[in-house]
Amino acid sequence: MKRHVFYYFFLVLILVLGFLIAAASPDKQFQAMTITITSLFYILWGIVHHHIHHDLTAKIVVEYTLMAGLGGAVIFFILKGGFNL
Amino acid sequence: MKNFFHDLFFPHFHNNFRSKLLHHRVILLFIVLLFSGTFFLSFVKANFPQVLGISSDVTTEQLLSFTNQKRQEDGAGALSLNDKLNKAASDKAQDMFAENYWAHNSPTGKTPWVFIKNAGYQYVYAGENLARGFTDSKSVVDAWMASPEHRENMLSRNYNEVGFAVKNGTLLGEDTVLVVEMLGNTSFAQNSIPSVARSAQEPVPVVLNSSNRPLIDSVSLSRNIGVGIISLFILVLSVDFIVIERKKVTRFVGHNLDHVLFLSLILLMIFIIARGVIL
């Protein structure tokens, strides 16, 4: 349980940091880049977390990649479809 | 139909104890649809600008009304619209689009005061506030009021006249609605006596003509769809987690909590991306 708390603390830290960096700039291209990097960290974090708990499978890697892809696709949809960036 | 939705949102024996919406193929389908939707929106914007595009409810009249309301609450005199300041604001907005900059001074060194002087306004005091990406006039004024420097500018007793420009165009690669506010006074202000608004001013046409506005605002549309999709996934992940915890089913899948946290970040980012900015 203690280890879980540590991993979640680390995940929240990555996400909050990503949010704060993106929110600090009005530049949408910079925001998109920050979200992309945060998403890649998220996939990496998922793989490491499951690997340490000895339940990492290819399906889990795909799941984290798809979730990150969904988040990225929504942001792309708004930036390109909405703002024409 | 009932079974279809049950399958989609609740984990049970028939969907392998994982809500169908969280199956890889369904998530992939959403990603493909979002990318297709992006190109569809871009196509409609390019070919049918009267249907889909950047649109906002920001108007000169409302900006003046909300600004004067804030000034009166603060005990300052109302500002009156000035044609020359309107022209200065309009020229500044055009220059920002033409030279593609988001700053008070242009890359070629033009200050706001150059636009005011060129419009023929002989100022003793002058100020400028900028905003972009807002959907209504109240949000613009509220954002300026929330920033100490802009608030000071808006409520300053040194000014008795104002000009606005509301223009849409492409700035720094994004379609946006730009608002320029030019404040001024041609004589030395009497700080203790609030200035009186001159009601005899000619009404100034709103630069963003309503007839040129598209039927649907692309930013609001894409933002609402994005919020809807992310919220749906957060909801289904939460339901999936609760049901599986109750049934004590063992599965080899990713942790729902991880995905909820990540998608919550995306939800927050949508609001950050879609917010207006001031300068």
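Just so you know, the sequences run in chain order A and B. Residues in the first sequence are numbered from 1447 upward in steps of one, following my numbering. Residues in the second sequence are numbered from 191 upward in steps of one, following my numbering. Backbone N, C-alpha and C define an ideal beta-carbon position, used for all residues, glycine too.
Each residue's CA atom was taken as its position, placing Leu-1502/A and Val-443/B some 9 Å apart. Judged by DSSP in its simplified three-state form, Asn-276/B adopts helix. Thr-298/B and Gly-317/B have their C-alpha atoms some 20 Å from each other. Thr-301/B and Ala-1469/A have their alpha carbons spaced roughly 28 Å apart.
Boundaries of the beta strand (DSSP E) around Arg-322/B: 315-322. The Cβ of Met-1479/A sits no closer than 8 Å to any Cβ of chain B.
Using a CB distance cut-off of 8 Å, Ile-1506/A counts as an interface residue toward chain B. A check of alpha carbon separations from Ser-329/B across Leu-361/B, Ser-255/B and His-196/B identifies Ser-255/B as the nearest. Chain A places a beta carbon closer than 8 Å to that of Met-459/B, counting this residue as a contact. In its chain, beyond the 5 residues on either side, Ile-244 and Ala-464 have a beta carbon closer than 7 Å to the beta carbon of Val-409/B. Chain A has no Cβ within less than 8 Å of the Cβ of Ser-421/B.
Distance between Val-1507/A and Gly-1492/A, taken at the CA atoms: about 8 Å. When Cβ-Cβ separations below 8 Å define contact, Leu-1463/A makes no contact with chain B. One finds Val-409, Ser-412, Arg-413, Gly-416, Ile-460, Ile-463 and Ala-464 in chain B with Cβ atoms closer than 8 Å to the Cβ of Ile-1524/A, taken in chain order. Take Ser-1485/A, set aside five residues on each side of it, and the residues of its chain with a beta-carbon closer than 7 Å to its own are Ala-1514, Gly-1517 and Gly-1518, in chain order.
For the pair Phe-287/B and Val-352/B, the Cα-to-Cα distance works out to about 21 Å.
Taking Leu-224/B as the centre and dropping the five residues before and after it, the same chain places the C-beta of Ile-419 closer than 8 Å to its C-beta, in chain order.
Nearest to Lys-1526/A by C-alpha distance, out of Phe-423/B, Phe-233/B and Gln-259/B, is Phe-233/B.
Under a criterion of Cβ atoms nearer than 8 Å, the residues of chain B adjacent to Ile-1521/A are, in order, Gly-416, Ile-456, Met-459, Ile-460 and Ile-463.
Judged by DSSP in its simplified three-state form, Leu-224/B adopts helix. With a cutoff of 8 Å on beta-carbon distance, Val-314/B and Ser-377/B are scored as near each other. Annotation note: the stretch 334-382 of chain B contains the following uninterrupted alpha helix (DSSP H) runs of length 4 or greater, listed N- to C-terminal: 338-345. Beyond the five residues adjoining it in sequence on each side, Thr-1482/A comes within less than 8 Å, by CB distance, of Gly-1518 in the same chain, given in chain order.
Nearest in C-alpha terms to Val-429/B, of all of Met-191/B, Lys-192/B, Leu-212/B and Phe-203/B, is Leu-212/B.
Note on geometry: alpha-carbon atoms of Ile-1489/A and Ile-1498/A lie some 14 Å from one another. Excluding five sequence positions before and after Met-335/B, the CB atoms of its chain that fall closer than 8 Å to its own CB belong to Lys-260, Arg-341 and Met-344, given in chain order.
Leu-231/B is classed as buried because its beta carbon has at least 16 other beta carbons within 10 Å across all chains shown.
Under the three-pair Cβ rule at 8 Å, the stretch 214-222 of chain B does not count as touching the stretch 449-463 of chain B.
Beta-bridge annotation (DSSP): Val-467/B is paired with Arg-322/B.
Residues of chain A whose Cβ lies closer than 9 Å to the Cβ of Asp-430/B do not exist; the shortest such Cβ separation is about 12 Å.
For Thr-1503/A, the nearest beta carbon of chain B is closer than 8 Å to its own beta carbon. One thing to note: Asp-281/B has its Cβ within 8 Å of the Cβ of Ala-309/B.
Excluding residues up to 5 positions away in sequence, nothing lies with its Cβ nearer than 8 Å to the Cβ of Ala-1504/A in the same chain. Rounded to whole angstroms, the gap between the alpha carbons of Gly-363/B and Ile-415/B is 22 Å.
Residues of the same chain with a CB within less than 7 Å of the CB of Asp-197/B, apart from the 5 flanking positions on each side, are His-204, Asn-205 and Lys-210 in chain order.
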